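A short worksheet on the structure shown next.
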Ligand SMILES: [Zn+2]
């Protein structure tokens, strides 16, 4: 906040968005730290509560990604920016409440958990495609610049999800990866990599927006 943003000549708006984004990322990390510190609690119920927070934290982190992504993708289009910000916020709130539901981590909800996770991350495809269309298709220079960054982020998210759902590698080495190398640890590392990658992309987009003012034609869309 004190070194990266001023050097990118950030405005007050940029500071607000970056604060929200970093706040979400920190809540995400705090929830994980909380669970992994207190999961050894002697009450199974307490342990499960913390575990629910561990997953809820990830959706808060995803919210941070969405807020900054939507804000800069629709920088020149106030209407769609607000539509997507409100829908994203509503979706994440709904997911958050589902995740702290007492039966969220039960066996019966296992399918629902995967569906929720996929739809929360998959939803981003809609604003992305809309953004590509608004900017004049795949061949537009701005799309060529930023679409690969979104794709990389989705590849990282997909990898994280695959580890999460398949429980590789500990399913092949039962009992040997209890301390180091379990799928849950890989999932967290990939989550950190994803948040870091998205943060770097946000700063990059912000610099782009400052160097190139919004074209006039967008106001008619
Ligand atoms: Zn965890």
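Numbering (the working numbering), first residue to last: 1 to 221.
We treat Cβ as the ideally placed atom computed from N, Cα and C, and that holds for glycine.
None of the values given here were measured: they were computed from a predicted structure.
Tell me which same chain residues have a C-beta within less than 7 Å of the C-beta of residue i, skipping the five on either side of it?
i	result
residue 5	14, 15 and 18
residue 105	48, 51 and 52
residue 41	47
residue 109	103
residue 226	The chain is shown from 1 up to 221; residue 226 falls before or after that span and cannot be answered.
residue 221	The predicted position of residue 221 is uncertain, since its pLDDT is 49 and thus under 50; a value taken from the coordinates is nonetheless stated next. Contacts found: 77 and 134.
residue 219	Low local confidence applies: a pLDDT of 49 at residue 219 is under 50, so the model's placement there is unreliable, with the coordinate-based value given in what follows. Correct list: empty, nothing qualifies.
residue 115	none
So, are the CB atoms of residue i and residue j less than 7 Å apart?
i	j	result
residue 68	residue 24	no
residue 214	residue 76	yes
residue 99	residue 55	yes
residue 205	residue 8	no
residue 59	residue 95	yes
residue 120	residue 62	yes
residue 70	residue 84	yes
residue 240	residue 66	Coverage of the chain is limited to positions 1 through 221, which leaves residue 240 absent and any answer about it impossible.
Near residue i, which residues of its chain fall below 8 Å by C-beta distance, leaving aside the five closest residues on each side in sequence?
i	result
residue 187	160, 163 and 164
residue 2	none
residue 145	208
residue 128	73, 147 and 150
residue 28	57, 58, 60, 61, 64, 191 and 195
residue 181	169 and 170
Leaving aside the five residues before and after residue i along the sequence, list all residues of the same chain whose C-beta is less than 6 Å from its C-beta, in chain order.
i	result
residue 38	50
At least 3 beta-carbon pairs within less than 8 Å: the segment 125 to 139 vs the segment 164 to 178: no
Beta carbon nearer than 6 Å to a non-hydrogen atom of ligand 1: Taking every residue with its beta carbon within less than 6 Å of a heavy atom belonging to ligand 1 gives, in chain order, 32, 35, 36, 54, 184 and 188.
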